[in-house]
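What follows is one structure encoded as structure tokens, with my remarks underneath.
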Amino acid sequence: MKHAPYHLPTKQDTITSPHPNSWRLASLLQASTRTQSRPRGRAIHAVIITSGLKPRAHLLNLLIAFYCSTEDLKCAHHVFDRMPQRDVVARTTLLAAHARSGALAVAHQIFDEMPTRDAVAYNAMISAYGHHGEFREALSLFRAMLEQGKPRPDGFTFTAALSACAGLEDQNLSSQVHCLALKAGLAHVTSVSNALISVYVKSGELGLASKMFTELLKRDEITWTTMITGFVRIGDLEGARRVFEVMRDRFDVAWNAMIAGYAQHGLCMEALDLFRDMFGKDIMLDEFTYTSLLSACANIGLVRTGMEAHAYIVHREAEISLPVWNAIISLYAKCGRMEVAMRVFDAMREKDLVSWNAVVSGYATLGMITEAREIFEKMIERNELTWTVMISGSAQHGQGEEGLRLFNRMRHEDSRPCDFAFAGALTACASLGTLRHGAQLHAQLIQLGLDASVSAGNALMTMYARCGAVESAERAFRVMPTPDAVSWNAMIAALGQHGRGSEAIMLFERMLVAGYKPDRVTFLTVLSSCSHSGLVNEGCKYFDLMDRAYGIKPGPDHYARLVDLLGRAGRLQEAKQTVETMPFYPDACIWEALLAGCRNHGDMELGLMAAERLFELRPRHDGTYVLLSNMYASIGKWEGVAKVRKTMKDMGVKKEPGCSWIEVDNQVHVFLVDDTVHPYVHEVYALLEKLGVSMKKLGYIPDTRFVLHDVGLEQKEYGLSTHSEKLAVGFGLLKLPKGSEIRVLKNLRICGDCHTAMKFMSKVVEREIIVRDGKRFHHFKHGECSCRDYW
DNA sequence: ATAGGGTTAG
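See the structure below:
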């Protein structure tokens with residue numbers, strides 16, 4: 001529609017008009033421009049040509065204006081080129097049309113060729129430069145105009161100049177322009193004030209904006225909407241709502257702005273409520289309304305409501321614009337309904353980068369990396385966002401190496417990764433435990449001047465913490481120029497994951513003092529911190545406080561941590577009661593926490609019950625078998641252990657073999673765990689025998705709980721490599737000289753036996769041993785562990 | 001003056 005072919009009208013287009021005369025034609029032409037009626041305008045052009053009438057300049061100008069308004073620039077030029085004398089109006093009309101379409105060079109050429117230029121021509125040029133981001137060009141033209149002293153700037157001129165200042169975000173410059181407007185007596189023209197308010201709004205100076213706003217006598221729709229978006233920008237939705245409520249004639253754009261504001265700040269229910277109001281009041285819905293509505297539904301997972309919206313839009317609108325289709329794709333993608341998203345995507349006849357990114361992101365965040373990659377490779381054009389979703393999607397779903405590979409590829413194909421891409425790559429390092437690579441990325445962030453970024457900084461802290469370097473995480477947190485709530489959460493988590501629970505709690509209290517609002521993640525973090533440091537009572541206290549003091553309703557995940565805490569303390573009856581009375585249907589995590597408690601305290605009856613629920617929910621999950629078997633082992637029921645292991649084998653559940661490494665000073669020791677090729681395997685077992693004997697002697701383990709004798713056999717029979725992997729590390733530790741701390745960055749899932757062995761080891765080698773266990777670490781020192789766990 | 005695709009914290 002935008003690029004219609006260049007056809008001049010022919011005789012067929014002629015309308016039978018009785019006695020065409022210039023006046024009649026002029027008014028008909030104006031009507032066609034107003035109604036954007038292509039056929040009518042072309043017909044009139046045909047009449048002009050065929051009637052032999054000698055058209056006056058006025059009529060031709062209207063004709064040019066008509067063609068310009070329908071974006072038929074070639075036809076406009078055709079008329080223009082044949083004009084006997086081209087006046088200012090004709091030139092300005094054409095110039096403005098080019099300027100609007102972004103052909104700034106062409107527009108400027110017409111501008112230069114003009115014998116005289118009026119304010120309208122200047123205004124068109126200035127605002128066109130501003131609209132296309134060429135703020136300096138816009139302002140230099142404005143300056144030239146002032147210096148020459150003619151033509152005199154009018155309200156539009158100041159409006160355009162001020163919006164260029166807003167683009168540059170230059171307060172100083174805009175005050176100067178404001179002064180000039182005052183001198184010219186034009187500062188109270190509504191559009192000038194609007195532009196000034198917009199300058200303040202963009203720089204977050206809501207106070208100044210409000211002042212201007214209240215002093216303004218005539219406010220138009222733009223004034224109101226600018227104020228609303230101003231409050232939305234600084235996240236003050238209540239302020240925005242107040243403005244919205246005061247506005248007497250609320251019109252569709254303001255509704256849209258308000259709904260969009262809610263949706264963008266995660267207040268999706270408010271967005272939906274307001275939409276319902278709007279719908280009930282019969283206000284025109286448009287594509288802006290639809291996109292905000294769909295995104296609100298998508299963000300809180302309301303597929304049903306979203307589908308209703310989808311159906312309504314399809315039913316009601318003859319044509320659906322690209323952004324709306326993209327919002328529909330994203331609705332299904334975010335709700336995990338990729339089949340539907342793909343169906344919509346495939347059916348779209350026109351797609352843009354946003355559409356492609358929406359589907360890639362859908363697959364990537366669901367962890368369907370192969371599918372995401374397939375689409376990713378088909379793309380002819382990618383941007384930072386495309387790379388970012390691929391990198392972090394891989395990193396978050398156990399494909400850290402893939403994430404780093406993509407990150408490096410991005411650097412080859414796209415010269416400079418953005419901070420979000422760095423965040424993804426750092427997450428990959430965090431999951432892999434590759435401290436060196438992570439530190440390299442840190443150096444690059446500094447080199448590229450991206451180290452002030454909040455997202456990169458948050459990812460950096462997490463990387464350091466999960467690579468065992470809490471001190472570096474702390475340093476990263478301290479130097480952050482603008483930490484946000486996520487930063488605090490991340491730092492609290494970092495301390496908690498390293499068994500520094502009381503420090504984590506202190507940091508939480510400092511977060512409150514600093515004026516940050518805790519959210520559900522904050523409490524999850526605090527609860528886990530307590531649990532990883534054996535701070536059972538404190539944990540229970542915070543669970544109680546979260547709703548009462550901070551109004552955050554605990555979710556199933558919070559309950560799982562409460563059950564974990566109670567279970568840890570041996571308060572199994574309370575734990576059981578919690579599971580029975582909580583306001584949710586207990587999910588797998590809850591039963592798992594209960595089972596873990598039973599393992600720790602040898603409650604076989606309750607443990608079996610929890611295990612049964614778990615088998616119903618996740619029949620082939622290896623963790624359940626391990627917990628159950630440990631529970632039997634803890635009370636010396638070896639036949640129970642054997643039974644579990646057998647079921648495990650029958651069900652085809654096994655652990656993956658892996659490879660361990662220990663980082664000591666600057667040396668990395670690697671241990672292969674596939675026992676058939678492990679060169680030390682016999683040595684390992686021999687040492688373990690000795691180890692076991694001395695541990696028993698020193699009272700580290702009671703006779704019944706030490707199950708090392710099983711390892712070799714189990715290993716061969718069922719291919720379970722977990723023990724050997726961890727014990728290979730133990731073997732390496734015994735060989736090391738005394739000295740500084742040892743960090744084991746390979747993710748070892750620390751079981752009871754191994755935990756005990758590590759405690760022992762820390763005493764023998766007389767140094768702190770830091771071992772990674774999932775997302776957290778155990779710090780073993782002087783024969784004790786930071787987690788103060790029972791085993 | 002309003003809209004669609006992203007990141008980091010458990």
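Numbering (UniProt numbering), first residue to last: 1 to 791.
The C-beta atom is built at its ideal place from N, Cα and C for all residues, glycine as well.
Note that the coordinates shown come from a computational prediction; the quantities given were computed from them, not determined experimentally.
{"Check": "Extent of the continuous beta strand (DSSP E) to which Phe777 belongs", "Outcome": "776-781"}
{"Check": "Counterpart residues of Asp773 in DSSP-defined beta bridges", "Outcome": "Arg776"}
{"Check": "7 Å Cβ shell around Thr525 - same chain, five flanking residues per side excluded", "Outcome": "Asn489, Ile492, Ala493, Gly496"}
{"Check": "Segments of 4+ residues assigned as alpha helix (DSSP H) that fall wholly inside the region 62-108", "Outcome": "73-81, 88-101"}
{"Check": "Status (buried if at least 16 other CB within 10 Å, exposed otherwise) for Leu294", "Outcome": "buried"}
{"Check": "Cys787, DSSP secondary structure in three states", "Outcome": "coil"}
{"Check": "Neighbour-count burial assignment, Tyr585, 16 or more Cβ in a 10 Å radius", "Outcome": "exposed"}
{"Check": "Backbone secondary structure at Arg599 - three-state DSSP", "Outcome": "helix"}
{"Check": "Endpoints, the alpha helix (DSSP H) within which Val486 is located", "Outcome": "485-497"}
{"Check": "Contact set for Asp710: own chain, Cβ-Cβ below 7 Å, skip 5 residues either direction", "Outcome": "Residue placement at Asp710 is poorly supported in this model, since its pLDDT is 34, which falls under 50; the coordinates are not used for a value here."}
{"Check": "Proximity to Met125 [Cα-Cα], best of Pro115, Thr226, Ala97", "Outcome": "Ala97"}
{"Check": "Proximity of residue 812 and Ala107 at Cβ, strictly below 8 Å", "Outcome": "It is not possible to answer for residue 812, since the shown part of the chain is limited to 1 through 791."}
{"Check": "Beta-carbon contacts of Cys297 that lie in its chain and below 8 Å, excluding the five residues immediately before and after", "Outcome": "Cys268, Leu272, Val303, Thr305, Gly306, Ala309, Leu331"}
{"Check": "Three-way DSSP call (helix, strand, coil) for Leu406 in this model", "Outcome": "helix"}
{"Check": "Limits of the unbroken alpha helix (DSSP H) element including Tyr585", "Outcome": "Run containing Tyr585: none; DSSP gives neither H nor E here."}
{"Check": "Nearest neighbour of Gly403, chosen from Ala423, Asp414, Gln36 [CA to CA]", "Outcome": "Ala423"}
{"Check": "Sequence-distant residues of the same chain with beta carbon closer than 7 Å to Lys590, five excluded per side", "Outcome": "Reading the sequence as shown, one finds Ile at residue 590 and not Lys. Only Pro556, Tyr559, Ala560, Val563, Val579 meet the Cβ criterion."}
{"Check": "Where Cys530 sits in the DSSP three-state scheme", "Outcome": "helix"}
{"Check": "Meets three-Cβ-pair contact criterion under 8 Å: the region 229-236 and the region 196-203", "Outcome": "yes"}
{"Check": "Of the listed residues Ser51, Leu617, Gln573, Arg620, nearest to Leu606 (C-alpha basis)", "Outcome": "Gln573"}
{"Check": "Through-space distance from Val89 to Ala31, alpha-carbon basis", "Outcome": "19 Å"}
{"Check": "Reduced DSSP category for Tyr332 - H, G, I as helix; E, B as strand; rest coil", "Outcome": "helix"}
{"Check": "Burial state of Glu538, where buried means 16 or more other Cβ atoms lie within 10 Å", "Outcome": "buried"}
{"Check": "CA nearest to the CA of Trp186, picked from Leu173, Ala161, Ser210", "Outcome": "Here residue 186 turns out to be Leu, not Trp, going by the sequence shown. Checking every option, the nearest Cα to that of Leu186 belongs to Ala161."}
{"Check": "Proximal residues to Asn666 (C-beta, below 6 Å), its chain only, five neighbours per side dropped", "Outcome": "With a pLDDT of only 44 at Asn666, under the threshold of 50, the placement of this residue in the model should not be trusted, and no figure is reported."}
{"Check": "Outcome for Asp773 when other beta-carbon atoms lying within 10 angstroms are tallied against a minimum of 16", "Outcome": "buried"}
{"Check": "Close-in-space but distant-in-sequence residues of the same chain around Glu768 (CB under 8 Å, 5 per side omitted)", "Outcome": "Glu741, Ile742, Ser762, His779, Phe780, Lys781"}
{"Check": "First through last residue of the alpha helix (DSSP H) which encompasses Cys751", "Outcome": "That residue, Cys751, is in no alpha helix (DSSP H); it is neither H nor E in DSSP."}
{"Check": "Exposure of Leu698, with buried meaning 16 or more beta-carbon neighbours within 10 Å", "Outcome": "exposed"}
{"Check": "Distance CB(Ala209)-CB(Ser163) smaller than 8 Å", "Outcome": "no"}
{"Check": "Expected contact under 8 Å - CB spacing of Met379 and Trp356 to nearest Å", "Outcome": "5 Å"}
{"Check": "Cβ pair Ala372, Ala333 closer than 8 Å", "Outcome": "no"}
{"Check": "Expected contact under 8 Å - CB spacing of Cys418 and Gly438 to nearest Å", "Outcome": "Not quite, the Cβ-Cβ distance comes to about 18 Å (not below 8 Å), so this is no contact."}
{"Check": "Per-residue burial, Gly501 [other beta carbons within 10 Å of its own, 16 or more giving buried]", "Outcome": "buried"}
{"Check": "For Gln36, the three-state DSSP class (helix, strand or coil)", "Outcome": "coil"}
{"Check": "Residues of its chain near Ala263, where Cβ-Cβ distance is below 6 Å and the 5 sequence neighbours each way are ignored", "Outcome": "Ala271, Ser292, Ser295, Ala296"}
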